[in-house]
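Just so you know, the sequence shown maps onto residues 1 to 161 in the numbering used here.
Beta carbons: idealized from backbone N, C-alpha and C, even for Gly.
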Amino acid sequence: PGVIAITRPMPRLIDHIIIAPGVHLHQRNDGRIVLGEQQGAPQNQAHALRLEGRPNAFPDPTIADQHAARMLAAAEHFLPAIKGAQIDDVHIGWRPLPIDGHPVLGASTLRPNIYLAIMHSGVSLAPIVGQLVTHELLNGAVVNRLQEFRPGRKFSLIKRY
Numbered sequence: 001p002g003v004i005a006i007t008r009p010m011p012r013l014i015d016h017i018i019i020a021p022g023v024h025l026h027q028r029n030d031g032r033i034v035l036g037e038q039q040g041a042p043q044n045q046a047h048a049l050r051l052e053g054r055p056n057a058f059p060d061p062t063i064a065d066q067h068a069a070r071m072l073a074a075a076e077h078f079l080p081a082i083k084g085a086q087i088d089d090v091h092i093g094w095r096p097l098p099i100d101g102h103p104v105l106g107a108s109t110l111r112p113n114i115y116l117a118i119m120h121s122g123v124s125l126a127p128i129v130g131q132l133v134t135h136e137l138l139n140g141a142v143v144n145r146l147q148e149f150r151p152g153r154k155f156s157l158i159k160r161y
């Protein structure tokens, strides 16, 4: 899963995305800073059991607070001005990760009127994928560079992450 913490609104501190050991962060237009956990869940049996059911909430608010505090402490190393930020909310999210680790881009094989754009690395791929997908959708074109990422391809299980 991915853990995201959102601060209360703050004065403008950053105008770009920071990706650093243990945390990634960006500031929204409303002044809130969004912190994302980079390391993932600890690899132990207790965590494995808790995550088995793919929960969308923490079992206890204290655990949510611990995650937020850890991310905030990591962020302070790279953005000292964030010190003292107050966390407003903490979420658990499940990253879209195709089984072979590669993006899925194109019309659904079951419902051709639905276009899929599923990938784990959305922040880094969004600019180019957005342009290519827009070209296909608005112009009815086929972008050959996307062929190997089509939903109808043969998927093989690869342990990438």
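- Taking VAL143 as the centre and dropping the five residues before and after it, the same chain places the C-beta of LEU132, HIS135 and GLU136 closer than 7 Å to its C-beta, in chain order.
- Between VAL23 and ALA81, the gap from beta carbon to beta carbon reaches 9 Å or more.
- In the DSSP assignment, GLU136 falls within the unbroken alpha helix (DSSP H) covering 122-139.
- Taking 9 Å as the cut-off, the Cβ atoms of VAL129 and LEU97 do not count as close.
- Per DSSP, the unbroken beta strand (DSSP E) holding THR7 starts and ends at 2-7.
- Assignment of GLN27 by DSSP, reduced to helix, strand and coil, places it in the strand class.
- Linking MET10 to PHE155 through their CA atoms gives a straight-line distance of about 44 Å.
- Only residues of its own chain outside the window of five on either side were considered, and among them ILE14, HIS16, ILE17, ILE18, ILE33 and VAL34 have a CB closer than 8 Å to the CB of HIS26, listed in chain order.
- Taking a contact as a CB-CB distance under 8 Å, the pair PRO1 and ILE92 counts as one, their CB atoms being some 5 Å apart.
- When C-alpha distances from SER124 are compared across PRO103, SER108 and GLY140, the shortest belongs to PRO103.
- Rounded to whole angstroms, the gap between the alpha carbons of ILE6 and ALA107 is 34 Å.
- DSSP, reduced to helix, strand and coil, places ASP89 within a strand of the structure shown.
- In the same chain as VAL90, and ignoring 5 residues on each side of it, the C-beta atoms closer than 8 Å to its own belong to VAL3, ILE4, ALA5, ILE6, PHE58, ALA64, ASP65, HIS67 and ALA68, in chain order.
- LEU138 is classed as exposed because its beta carbon has fewer than 16 other beta carbons within 10 Å across all chains shown.
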